[in-house]
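See below for the structure under consideration.
Residue numbers (the numbering used here): 7 to 72.
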C-alpha cells in the first residue's frame with residue numbers, strides 16, 4: 007500500500023518519494039528516467055534533508071543539495 011507521493015529535487019534531478027506500508031520502507035523514483043529504488047529499509051523517511059541524503063547515497067549522486 008503506497009503512502010502519499012511527494013516530490014523533491016537532488017542536484018537538479020527531480021524525484022518522487024513515497025512510503026510503502028507493505029514492504030515497510032521508503033522508495034524514490036527518478037522522474038526523468040523512471041528508475042525506482044528503495045532508499046530506506048525497515049522504516050520510513052519524512053524529513054526533506056534526510057530524504058535527499060538517502061536519495062543521493064542510493065542513486066550515486068555526488069551531492070544531496072537541491
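The beta carbon of each residue, even a glycine, is placed where N, CA and C say it ideally should be.
This one's a predicted model, so the numbers in the text were calculated from it and none came from an experiment.
(Q) Considering Cα atoms alone, identify which of 23, 70 and 51 is closest to residue 42. (A) Position 36 of the chain shown holds residue 42. Closest in C-alpha terms to residue 42, from the list 23, 70 and 51, comes 23.
Bounding residues of the beta strand (DSSP E) (the contiguous stretch that carries residue 15)
By 1-based counting over the chain shown, the position of residue 15 is 9. That run of the beta strand (DSSP E) goes 12-16.
Where the beta strand (DSSP E) containing residue 34 begins and where it ends: Here residue 34 refers to the residue found at position 28 when the chain shown is read from its first residue. Start and end: 31-36.
message: Rounded to the nearest angstrom, what separates residue 26 and residue 59 at their Cα positions?
response: As a first step, residue 26 is located in the chain shown; it is residue number 20 there, counting from the start. As a first step, residue 59 is located in the chain shown; it is residue number 53 there, counting from the start. For residue 26 and residue 59, the distance between alpha carbons rounds to 19 Å.
Count the other CB atoms within 10 Å of the CB of residue 39; is the residue buried (16 or more) or exposed (fewer)?
For the purposes of this step, residue 39 is identified with residue 33 of the chain shown, where counting begins at 1. Here residue 39 is exposed: its Cβ has fewer than 16 other Cβ atoms, across all protein chains shown, within 10 Å.
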